[in-house]
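Enquirer: Converting from the sequence shown to the working numbering requires adding 4 to each position, the first position being numbered 1.
Note that beta-carbon positions come from the ideal geometry of N, C-alpha and C, so glycine has one too.
Here the structure is a predicted model, which is why all the values come from computation and not from measurement.
Questions regarding the structure given below will be posed in turn.
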Amino acid sequence: MTTATGVGSHPGAEQRDLDEALRVVIGEVPDLVYLPEVPGRGAVASMTGRALAVVDGLDADLQPAGWRLTGTSGTAGVDHRRARSLLAQDLDTLEEQTQGLEGALKVQVAGPWTLAATVERPRGDKVLADHGARRDLAQALAEGVAGHVADVRRRVPGASRLVVQVDEPALASVLAGTVPTASGYDRHRTVEPPEASQALTWVLEAVVAAGAEPWVHSCAPGTPLDLLRGAGARGLAVDHAQLTARDHDELATALEAGESVVLGVLPGTDPAAVPDDSQVAEGVLRWLDMLGLDPAEVGDQLVLSPACGLAGASPAWAQRALTLLRTAATHLTG
Numbered sequence: 005m006t007t008a009t010g011v012g013s014h015p016g017a018e019q020r021d022l023d024e025a026l027r028v029v030i031g032e033v034p035d036l037v038y039l040p041e042v043p044g045r046g047a048v049a050s051m052t053g054r055a056l057a058v059v060d061g062l063d064a065d066l067q068p069a070g071w072r073l074t075g076t077s078g079t080a081g082v083d084h085r086r087a088r089s090l091l092a093q094d095l096d097t098l099e100e101q102t103q104g105l106e107g108a109l110k111v112q113v114a115g116p117w118t119l120a121a122t123v124e125r126p127r128g129d130k131v132l133a134d135h136g137a138r139r140d141l142a143q144a145l146a147e148g149v150a151g152h153v154a155d156v157r158r159r160v161p162g163a164s165r166l167v168v169q170v171d172e173p174a175l176a177s178v179l180a181g182t183v184p185t186a187s188g189y190d191r192h193r194t195v196e197p198p199e200a201s202q203a204l205t206w207v208l209e210a211v212v213a214a215g216a217e218p219w220v221h222s223c224a225p226g227t228p229l230d231l232l233r234g235a236g237a238r239g240l241a242v243d244h245a246q247l248t249a250r251d252h253d254e255l256a257t258a259l260e261a262g263e264s265v266v267l268g269v270l271p272g273t274d275p276a277a278v279p280d281d282s283q284v285a286e287g288v289l290r291w292l293d294m295l296g297l298d299p300a301e302v303g304d305q306l307v308l309s310p311a312c313g314l315a316g317a318s319p320a321w322a323q324r325a326l327t328l329l330r331t332a333a334t335h336l337t338g
């Protein structure tokens with residue numbers, strides 16, 4: 005059965021917006037509920053802040069230029085402590101609102117390369133600039149993810165399936181050598197694919213070892229889907245509009261191998277013209293036909309989603325998009 009879900013982020017700037025977003029998610033995409041993110045609450049609720057709240061063994065603080073590592077445990081700044089507290093508060097809300105949940109549940113965390121491209125070393129410049137620092141950060145993230153999965157399982161014990169979506173919007177830029185240095189006058193050196201794959205493997209293997217299913221999401225063009233699958237991703241979340249011929253082939257291979265594909269088919273911001281559910285379903289059917297795949301045979305692996313997060317959308321569109329996706333998914337398997 006084809007299902008629907010969201011990428012992760014929702015609009016809002018208050019804690020009550022997280023509460024409402026979770027109610028919307030549970031009501032609109034009950035077959036694959038996810039913990040919403042509300043980055044409008046500030047840097048501690050951003051993708052980077054939430055991932056640092058998960059990281060185990062490394063502390064950070066918030067500087068005018070962004071997040072910076074401060075060292076091993078015991079050196080966390082007030083904002084890092086706030087990020088950890090906010091994540092725990094959000095998990096409390098998840099626990100309260102998912103009492104009795106027996107279906108699938110998804111949580112999201114920024115990946116090692118997006119963190120390396122956005123977090124600074126203690127002495128300045130991005131973690132990306134230092135081979136040892138990016139290795140340490142990736143391994144600390146892997147350790148933290150294992151604990152995070154255990155915490156989520158404890159809080160939502162009835163979930164029949166737990167998915168961890170690793171968000172890597174910066175991976176393509178890391179591989180292409182286009183991430184700017186702190187000065188802005190230069191670019192960080194290209195990271196070679198074997199090293200990129202290794203860091204991802206540490207995190208994805210930690211997800212599996214903790215009893216969850218590892219997916220990787222990126223709506224950035226140029227993300228190498230074969231590298232993600234080789235590193236251990238068992239689900240690929242992509243923006244349909246950004247796909248290349250090579251991407252189509254890789255997604256077809258993933259579906260044929262029994263892996264999940266999350267196809268982003270609606271914009272993450274309010275569109276000028278809103279499609280109806282039949283139009284969304286027809287577009288997906290055309291895509292499957294182009295790949296030579298039978299919807300009935302890949303339905304269980306196919307998930308519909310927005311192309312990217314919904315943080316920039318209105319609350320009305322965030323809810324409407326999920327409704328459209330859920331209804332379109334029923335057309336594909338009905």
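Could you please give the first and the last residue of the uninterrupted beta strand (DSSP E) stretch that includes Glu-217?
Expert: Translated into the one-based positions of the sequence shown, residue 217 becomes position 213. It spans 217-221 - the beta strand (DSSP E) in which Glu-217 sits, taken as one unbroken run.
Enquirer: Among Asp-65, Ser-13, Ala-55 and Glu-24, which one has its Cα closest to the Cα of Pro-43?
Expert: Taking the sequence shown and counting its residues from 1, the one referred to as residue 43 is at position 39. Per the Cα distances, Ser-13.
Enquirer: So what does DSSP say about Leu-240, is it helix, strand or coil?
Expert: As a first step, residue 240 must be located in the sequence shown, where it is residue number 236. DSSP places Leu-240 in strand when its eight states are reduced to three.
Enquirer: Could you check what DSSP says for Pro-275 in three-state terms: helix, strand or coil?
Expert: For the purposes of this step, residue 275 is taken as the residue at position 271 of the sequence shown. Pro-275: coil per DSSP, three-state reduction.
Enquirer: Would Pro-275 pass as a contact of Trp-321 if the rule is Cβ separation under 9 Å?
Expert: On the sequence shown, residue 275 is found 271 positions in, with the first residue counted as 1. On the sequence shown, residue 321 is found 317 positions in, with the first residue counted as 1. Yes, they are a contact pair.
Enquirer: Taking CB distances under 9 Å as the criterion, tell me whether Gly-151 reaches chain C.
Expert: As a matter of chain content, chain C is missing from the structure shown, which is built from one protein chain.
Enquirer: Look at the alpha carbon of Arg-45 and the alpha carbon of Leu-297, and state the distance between them as a whole number of angstroms.
Expert: Within the sequence shown, numbered from 1, the residue matching residue 45 stands at position 41. Within the sequence shown, numbered from 1, the residue matching residue 297 stands at position 293. The alpha-carbon atoms of Arg-45 and Leu-297 are separated by roughly 42 Å.
Enquirer: Tell me Pro-184's beta-bridge partners as DSSP assigns them.
Expert: Position 180 of the sequence shown, counting from 1, holds the residue named residue 184. In the DSSP output, where bridge partners are listed per residue, Pro-184 has Arg-191.
Enquirer: For Glu-147, does the three-state DSSP call read helix, strand or coil?
Expert: Position 143 of the sequence shown, counted from the start, is the residue given in the question as residue 147. DSSP places Glu-147 in helix when its eight states are reduced to three.
Enquirer: Considering Cα atoms alone, identify which of Ala-174, Val-288 and Val-307 is closest to Val-37.
Expert: Sequence index remark: in the sequence shown, residue 37 carries index 33 (1-based). The residue with the shortest Cα to Cα distance from Val-37 is Val-307.
Enquirer: Name, in chain order, the residues that DSSP records as bridge partners for Gly-268.
Expert: Sequence index remark: in the sequence shown, residue 268 carries index 264 (1-based). In the DSSP output, where bridge partners are listed per residue, Gly-268 has Asp-243 and Ser-309.
Enquirer: What does the alpha-carbon distance come out to for the pair Ser-282 and Ala-333?
Expert: Your numbering for residue 282 matches position 278 in the sequence shown. Your numbering for residue 333 matches position 329 in the sequence shown. Each residue's Cα considered, the two are about 10 Å apart.
Enquirer: If distances are taken between C-alpha atoms only, which option among Arg-238, Val-195, Ala-245 and Gly-128 comes closest to Asp-65?
Expert: Position 61 of the sequence shown holds residue 65. For the residues Arg-238, Val-195, Ala-245 and Gly-128, the minimum Cα distance to Asp-65 belongs to Gly-128.
Enquirer: Is it true that the CB of Glu-24 sits closer than 9 Å to the CB of Pro-319?
Expert: Here residue 319 is taken as the residue at index 315 of the sequence shown, counted from 1. Here residue 24 is taken as the residue at index 20 of the sequence shown, counted from 1. Yes, they are a contact pair.
Enquirer: Of all the options Asp-35, Leu-56 and Pro-184, which has the alpha carbon lying nearest to the alpha carbon of Trp-71?
Expert: Here residue 71 is taken as the residue at index 67 of the sequence shown, counted from 1. It is Leu-56.
Enquirer: State buried or exposed for Ala-300, treating a residue as buried only when at least 16 other CB atoms are found within 10 Å of its CB.
Expert: For the purposes of this step, residue 300 is taken as the residue at position 296 of the sequence shown. Answer is exposed; the Cβ neighbour count stays below 16.
Enquirer: Using alpha carbons as the reference points, say which of Ser-309, Val-156 and Thr-52 lies closest to Asp-171.
Expert: In the sequence shown, residue 171 corresponds to position 167, counting from 1. Looking at the Cα atoms, Thr-52 is the closest of the given residues.
Enquirer: According to DSSP, simplified to helix, strand and coil, what is Ala-133?
Expert: By 1-based counting over the sequence shown, the position of residue 133 is 129. Helix, per DSSP.
Enquirer: For Ser-309, count neighbouring C-beta atoms within 10 Å of its own C-beta (all shown protein chains included) and say buried if the count is 16 or more, exposed if not.
Expert: The residue labelled residue 309 in the question sits at position 305 within the sequence shown. Classification for Ser-309: buried.
Enquirer: Who pairs with Val-29 in a beta bridge, going by DSSP?
Expert: Translated into positions along the sequence shown, residue 29 becomes position 25. Val-29 pairs with nothing; no bridge assigned.
Enquirer: How is Ala-69 classed by DSSP in three states: helix, strand or coil?
Expert: The residue given as residue 69 occupies position 65 in the sequence shown. Correct three-state label for Ala-69: coil.
Enquirer: Taking 9 Å as the threshold (C-beta atoms), are Leu-179 and Ala-137 in contact?
Expert: Locating residue 137 in the sequence shown gives position 133, counting from the first residue. Locating residue 179 in the sequence shown gives position 175, counting from the first residue. Cβ atoms of Ala-137 and Leu-179: not closer than 9 Å.
Enquirer: Helix or strand or just coil, what does DSSP make of Asp-140?
Expert: On the sequence shown, residue 140 is found 136 positions in, with the first residue counted as 1. Three-state result, Asp-140: helix.
Enquirer: Asp-63 bridges to which residues according to DSSP?
Expert: Residue 63 sits at position 59 when you count from the first residue of the sequence shown. Paired residue(s): Gly-75.
Enquirer: What do you get for Arg-165, buried or exposed, if any count of 16 or more other CB atoms within 10 angstroms of its CB means buried?
Expert: Along the sequence shown, one-based indexing puts residue 165 at 161. Answer is exposed; the Cβ neighbour count stays below 16.
Enquirer: Is it true that the CB of Asp-230 sits closer than 9 Å to the CB of Glu-254?
Expert: Here the question's residue 254 lines up with position 250 in the sequence shown. Here the question's residue 230 lines up with position 226 in the sequence shown. Going by C-beta atoms, Glu-254 is nearer than 9 Å to Asp-230.
Enquirer: Roughly how many angstroms lie between the CA atoms of Asp-280 and Leu-26, to the nearest whole one?
Expert: On the sequence shown, position 276 is the one that residue 280 refers to. On the sequence shown, position 22 is the one that residue 26 refers to. Their backbone Cα atoms lie some 24 Å apart in a straight line.
Enquirer: On the three-state DSSP scale, how would you describe Glu-24?
Expert: Residue numbering aside, residue 24 sits at position 20 when the sequence shown is read from its first letter. It is helical.
Enquirer: Less than 8 Å between the CB atoms is what I'm expecting for Asp-60 and Thr-76, so what's the real figure, rounded?
Expert: Counted from its first residue, the sequence shown places residue 60 at position 56. Counted from its first residue, the sequence shown places residue 76 at position 72. Not really, about 10 Å apart at Cβ, beyond 8 Å.
Enquirer: Give me the Cβ distance between Trp-219 and Gly-239, rounded to the nearest whole Å; I'm assuming they're in contact under 8 Å.
Expert: The residue labelled residue 219 in the question sits at position 215 within the sequence shown. The residue labelled residue 239 in the question sits at position 235 within the sequence shown. Confirmed, about 3 Å.
Enquirer: Among residues of its own chain, excluding the 5 on either side of Thr-122, which ones have a beta-carbon nearer than 6 Å to its beta-carbon?
Expert: The residue you call residue 122 lines up with position 118 of the sequence shown. These residues qualify, in order along the chain: Thr-52.
Enquirer: Expressed to the nearest angstrom, what Euclidean distance is found between the alpha-carbon atoms of Leu-247 and Thr-185?
Expert: On the sequence shown, residue 247 is found 243 positions in, with the first residue counted as 1. On the sequence shown, residue 185 is found 181 positions in, with the first residue counted as 1. So the alpha carbons of these two residues sit roughly 28 Å apart.
Enquirer: Suppose the cutoff is 7 Å on Cβ atoms and the five residues either side in sequence are ignored; what does the same chain contact list for Thr-182 look like?
Expert: Numbered from its first residue, the sequence shown carries residue 182 at position 178. So the list reads Arg-191, once near-sequence residues are dropped.
Enquirer: To which residues of the same chain is Ala-339 closer than 6 Å at the C-beta, ignoring the five residues directly before and after it?
Expert: Here the chain comprises residues numbered 5 to 338, so residue 339 is not present and cannot be evaluated.
Enquirer: Can you grab the Cα-Cα spacing for the pair Ala-210 / Ala-154, in whole Å?
Expert: If you number the sequence shown from 1, residue 210 lands on position 206. If you number the sequence shown from 1, residue 154 lands on position 150. The alpha-carbon atoms of Ala-210 and Ala-154 are separated by roughly 11 Å.
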